[in-house]
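Engineer: This is the structure I have questions about; it appears just below.
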Amino acid sequence: MRRRALVVLLALAAAMPAACGGGGTAHAATRVIRMHYSRYLPASLTVKAGETVTFDVVNTDPIAHEFIIGTAAQQLAHERGDPNDPHTGPGEASIPGGKTARVRFTFPTAGTLQYACHRPGHYRYGMLGTITVET
Amino acid sequence: MRRRTLTAIALTLAFLTLSVPAFACGGLLSPNGSVNLVKTTTLAGYHNGVEHYVTSFRFVGGGGAKFGSIVPLPGIPSKVERGGDWTLQRLEREVNPPKRVIGLFAAAESAPSPAHARILLQTRIDALDITVLEGGGGEVARWAVENGFDLPPDAPEVLDFYANRSPIFLAASFDSKTAQEQGLSEGDGTPIHLTIPTPAPWVPLRILALGKQPAELIEADVFLLTDRAPSMLPGPEGFRATDARPIVPGMRLVRSSRANDLLLSDLRVDKGMSWIPRNMWLSYITIGASAAELRYDLALDASGAGHPSYIAAGLQSALRRLGDAASPGRLAFPVILAFALAGIGTAVIGTRRLAAR
Numbered sequence: 097m098r099r100r101a102l103v104v105l106l107a108l109a110a111a112m113p114a115a116c117g118g119g120g121t122a123h124a125a126t127r128v129i130r131m132h133y134s135r136y137l138p139a140s141l142t143v144k145a146g147e148t149v150t151f152d153v154v155n156t157d158p159i160a161h162e163f164i165i166g167t168a169a170q171q172l173a174h175e176r177g178d179p180n181d182p183h184t185g186p187g188e189a190s191i192p193g194g195k196t197a198r199v200r201f202t203f204p205t206a207g208t209l210q211y212a213c214h215r216p217g218h219y220r221y222g223m224l225g226t227i228t229v230e231t
Numbered sequence: 014m015r016r017r018t019l020t021a022i023a024l025t026l027a028f029l030t031l032s033v034p035a036f037a038c039g040g041l042l043s044p045n046g047s048v049n050l051v052k053t054t055t056l057a058g059y060h061n062g063v064e065h066y067v068t069s070f071r072f073v074g075g076g077g078a079k080f081g082s083i084v085p086l087p088g089i090p091s092k093v094e095r096g097g098d099w100t101l102q103r104l105e106r107e108v109n110p111p112k113r114v115i116g117l118f119a120a121a122e123s124a125p126s127p128a129h130a131r132i133l134l135q136t137r138i139d140a141l142d143i144t145v146l147e148g149g150g151g152e153v154a155r156w157a158v159e160n161g162f163d164l165p166p167d168a169p170e171v172l173d174f175y176a177n178r179s180p181i182f183l184a185a186s187f188d189s190k191t192a193q194e195q196g197l198s199e200g201d202g203t204p205i206h207l208t209i210p211t212p213a214p215w216v217p218l219r220i221l222a223l224g225k226q227p228a229e230l231i232e233a234d235v236f237l238l239t240d241r242a243p244s245m246l247p248g249p250e251g252f253r254a255t256d257a258r259p260i261v262p263g264m265r266l267v268r269s270s271r272a273n274d275l276l277l278s279d280l281r282v283d284k285g286m287s288w289i290p291r292n293m294w295l296s297y298i299t300i301g302a303s304a305a306e307l308r309y310d311l312a313l314d315a316s317g318a319g320h321p322s323y324i325a326a327g328l329q330s331a332l333r334r335l336g337d338a339a340s341p342g343r344l345a346f347p348v349i350l351a352f353a354l355a356g357i358g359t360a361v362i363g364t365r366r367l368a369a370r
């Protein structure tokens, strides 16, 4: 019984850092982005070139939003594009009000990207964030 | 009775002859978050603890799209009815009399979610579907989305701003098919009269900026009819406050005087306006502020005590942030400071947005 308790404790201790996001690869590769009052929180983040990041995008608003990664030029193209595009490509998600989406994206090269929402009026309202991709 | 009929005929003729301004009310919501720039005219009358809120909803077209407005209210309305035919127009004429119709007016003068929002009331007035809702900002927004309204990006914040004070909202949408069957053309308005028992009356103003860009100009005419000269918060330019309450730019008190007998009798014979007593005080306020500046409502105290509510004016959050909920006089400077900082912040955001475009 005592031995079993010890094993459980050791297993819990081993699992603790990952669960708390306390370090290691899992922590570096997972980011939580909140959408609140049609803004992203955080509004900027930094990643490494070649890194694959999983974004947990939490829409706390009662209205739908999008999370679309791309260059500034790509964002402008989205802005001028079809407002009914479901955005299912890599680094893209449409998130209904009150829902969470998971988006995985690999950042191949260094540079600056944006994440933005192209629901009508949202980009102009300021619903965008900046990703700095470092070497 | 005969005098009343004559007055009604004269007034109707007068208003039909004149070009009728376009009216709208509340935050106008339309597909694609598009914005319709129209001037709003509102009457808020307060007598015997009851606010009479009269405004007009403007039909902005058909084509199968759903257009509507959301109006925050200070309390649960005891009655929602079609407004009178000339009340808003008559008030406009009172403060902006057109010179070319003096003769005609003279004639008139000679005659007399998770939780869901709770639906409190649903009614149809002409082609307008009206729903009075109770709920938090998120709940009301969800109801609106589920019922075909396309909310603009600032809606979550603005609806929370109101729901934190009063969880009562009115949603109004035109049934395009019925509107067309009834011969409504773009720009035609349907006046609505809400009777709202409330101890602390206020007029929603911030909602007028819903869906607008920060630099967009919001224009509105607000008429107040009260038993005595009301105390207002924030103070409009031209308001002589006895304390150091915030005076905001873009809101101007143009007229503050005892309402003349002719005006009151003209209004009294309109539909639903018999509540108007013999004597009332008329205040005429113009709004000409950018959407970024218009972050307040207009709270009134017509009791003579001179203390309109900071909460009703939507200034409570500014007070809480500054950590002092004491006397309004002591708080006036921090509130002005908060407004100034908010203005600078908004200007910076606006510039960034322009740069991002």
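So the sequences go chain by chain: A and B.
Just so we're aligned, residue 97 is where the first sequence starts under the numbering used here, counting upward by one.
Just so we're aligned, residue 14 is where the second sequence starts under the numbering used here, counting upward by one.
Where a beta carbon is used, it is the ideal one built from N, C-alpha and C, also for glycine.
#1: Using C-beta distances below 7 Å, list every residue in its chain close to B:A242, excluding the 5 sequence neighbours before and after it, in chain order.
#2: Show which residues of chain A have a CB atom less than 9 Å away from the CB atom of B:P165.
#3: Cutting at 6 Å between CB atoms, please list the residues of its own chain near B:Y59, excluding the five before and the five after it.
#4: Does the region 189-197 of chain B come close enough to the region 190-210 of chain A that 3 or more CB-CB pairs lie under 8 Å?
#5: In its own chain, which residues sit with a C-beta less than 7 Å from the C-beta of B:A157, not counting the 5 before and 5 after it?
#6: If you follow the alpha helix (DSSP H) that B:E105 is in, where does it begin and where does it stop?
#7: Using the Cβ count rule (16 or more neighbours within 10 Å means buried), how would you classify B:P227?
#8: Between B:I231 and B:L307, which are expected to be in contact by the criterion C-beta below 8 Å, what is the C-beta distance as a whole number of angstroms?
#9: To the nearest angstrom, report how far apart B:D337 and A:A212 are at their CA atoms.
#10: Which residues, in chain order, does the region 166-200 of chain B contribute to contact with chain A at a C-beta distance below 7 Å?
#11: Let me know the secondary structure DSSP gives B:P87 once reduced to three states.
#12: What do you reckon, are the CB atoms on B:P87 and B:A257 nearer than 8 Å?
#13: Assess, as a yes-or-no matter, whether the region 215-229 of chain A is touched by the region 132-143 of chain A under the definition of 3 or more beta carbon pairs within less than 8 Å.
#14: What are the boundary residues of the beta strand (DSSP E) that B:Y59 is part of?
#15: Can you confirm whether the region 166-177 of chain B touches the region 89-98 of chain B when touching is taken to mean that 3 or more C-beta pairs between the two stretches lie within less than 8 Å?
#16: Can you give the Cα-Cα distance for B:G248 and B:Y323, rounded to whole angstroms?
#17: Note down, in chain order, every chain A residue with its Cβ under 7 Å from the Cβ of B:G151.
#18: Out of A:Y136, A:R200 and A:G217, which has the shortest C-alpha to C-alpha gap to A:F151?
#19: Report the three-state DSSP secondary structure of B:Q193 (helix, strand or coil).
#20: Start and end of the beta strand (DSSP E) containing A:Q170?
#21: Using the Cβ count rule (16 or more neighbours within 10 Å means buried), how would you classify A:H218?
#22: With a threshold of 16 other CB atoms inside 10 Å of the CB of B:G342, please say whether the residue is buried or exposed.
#23: If we require 3 or more residues per run, which beta strand (DSSP E) segments fall completely within the region 257-287 of chain B?
#24: Between the alpha carbons of A:N155 and A:H132, how many angstroms are there, rounded?
#25: To the nearest angstrom, how far is it from the Cα of A:A125 to the Cα of B:H129?
#26: Out of A:V149, A:G146, A:V153 and A:L137, point me to the one whose CA is closest to A:G194's CA.
#27: Would you kindly work out how many angstroms separate the C-alpha atoms of A:G118 and A:T208, rounded to a whole number?
#28: Could you please tell me which residues of the region 295-328 of chain B, in chain order, have their CB closer than 9 Å to any CB of chain A?
#29: Measure the C-alpha to C-alpha separation of B:Y297 and B:A222 and round it to an integer number of angstroms.
#30: B:E107 and B:L276 - do their beta-carbons sit closer together than 8 Å?
#31: Between which residues of its own chain and B:S32 is the CB-CB distance below 6 Å, once the five residues before and five after are set aside?
#32: For a cutoff of 8 Å on Cβ pairs, would you count B:A130 as touching chain A?
#33: Within the continuous beta strand (DSSP E) that includes B:P204, where are the two ends?
#34: Throw me the rounded Cβ distance for the B:L134 and B:V93 pair, which I believe falls under 8 Å.
#35: Cβ atoms of B:V67 and B:I209: under 8 Å apart, would you say?
#36: Spell out the partners DSSP gives A:K144 in its beta bridges.
Structural biologist: So, to answer that:
#1: Contacts found: S269 and W294.
#2: What B:P165 touches in chain A: S134, I159, P216, G217, H218 and Y221.
#3: Apart from sequence neighbours up to five positions away, the residues of its chain that approach B:Y59 with a beta-carbon distance below 6 Å are P214, T239 and A315, ordered along the chain.
#4: Here the region 190-210 of chain A does not lie against the region 189-197 of chain B, with fewer than 3 beta-carbon pairs under 8 Å apart.
#5: So the qualifying residues of the chain are I83, L164 and A184.
#6: If you look at B:E105, you'll find it in the alpha helix (DSSP H) that goes T100 to V108.
#7: Classification of B:P227: buried, given that the 10 Å Cβ count is 16 or more.
#8: Going by Cβ atoms, the distance from B:I231 to B:L307 rounds to 5 Å, so yes, they are a contact pair.
#9: Residue placement at B:D337 is flagged as unreliable, the pLDDT there being 44, under the threshold of 50; the coordinate-derived value follows with that caveat. Going from the Cα of B:D337 to the Cα of A:A212 covers about 38 Å.
#10: If the cut-off is 7 Å between Cβ atoms, the region 166-200 of chain B has P166, D167, A168, P169 and E170 near chain A.
#11: Here B:P87 sits in coil by DSSP.
#12: The Cβ atoms of B:P87 and B:A257 do not sit closer than 8 Å to each other.
#13: In short, these stretches touch, since the Cβ pair count reaches three.
#14: It spans T53 to H60 - the beta strand (DSSP E) in which B:Y59 sits, taken as one unbroken run.
#15: The region 89-98 of chain B is not in contact with the region 166-177 of chain B.
#16: Going from the Cα of B:G248 to the Cα of B:Y323 covers about 11 Å.
#17: Contact note: B:G151 reaches chain A through P158, using a C-beta cutoff of 7 Å and chain order.
#18: Shortest Cα-Cα distance from A:F151 to any of A:Y136, A:R200 and A:G217 involves A:R200.
#19: In this structure, B:Q193 counts as helix in the three-state DSSP scheme.
#20: Taken as a continuous stretch (DSSP letters only), A:Q170 belongs to no beta strand (DSSP E), being part of the alpha helix (DSSP H) at A168 to R176.
#21: Its Cβ being crowded by 16 or more others within 10 Å, A:H218 is buried.
#22: Residue confidence for B:G342 is low, a pLDDT of 41 falling below 50, so the modelled location carries little weight; the figure read from the coordinates is stated next. Exposed, by the Cβ-count rule.
#23: Listed in chain order, they are 260-271.
#24: Between A:N155 and A:H132, the C-alpha separation is close to 7 Å.
#25: Between A:A125 and B:H129, the alpha-carbon positions lie close to 37 Å from each other.
#26: Here the closest residue by C-alpha is A:V153.
#27: For A:G118, the pLDDT reaches just 34, beneath the cut-off of 50, and the residue's location in the model is therefore unreliable, although a value from the coordinates is still provided. Going from the Cα of A:G118 to the Cα of A:T208 covers about 27 Å.
#28: Among the residues of the region 295-328 of chain B, none has a Cβ less than 9 Å away from any Cβ of chain A.
#29: B:Y297 and B:A222 have their C-alpha atoms spaced approximately 20 Å apart.
#30: Yes. Within cutoff.
#31: Confidence is the limiting factor: at B:S32 the pLDDT is only 30, short of 50, which leaves the residue's position unreliable and the question unanswerable from this model.
#32: False, the Cβ-Cβ gap to chain A never drops below 8 Å.
#33: Boundaries of the beta strand (DSSP E) harbouring B:P204: G202 to P210, taken from the DSSP string.
#34: Beta-carbon to beta-carbon, B:L134 and B:V93 are separated by about 6 Å, close enough to satisfy the 8 Å threshold.
#35: Cβ atoms of B:I209 and B:V67: not closer than 8 Å.
#36: Answer is A:E230, bridged to A:K144.
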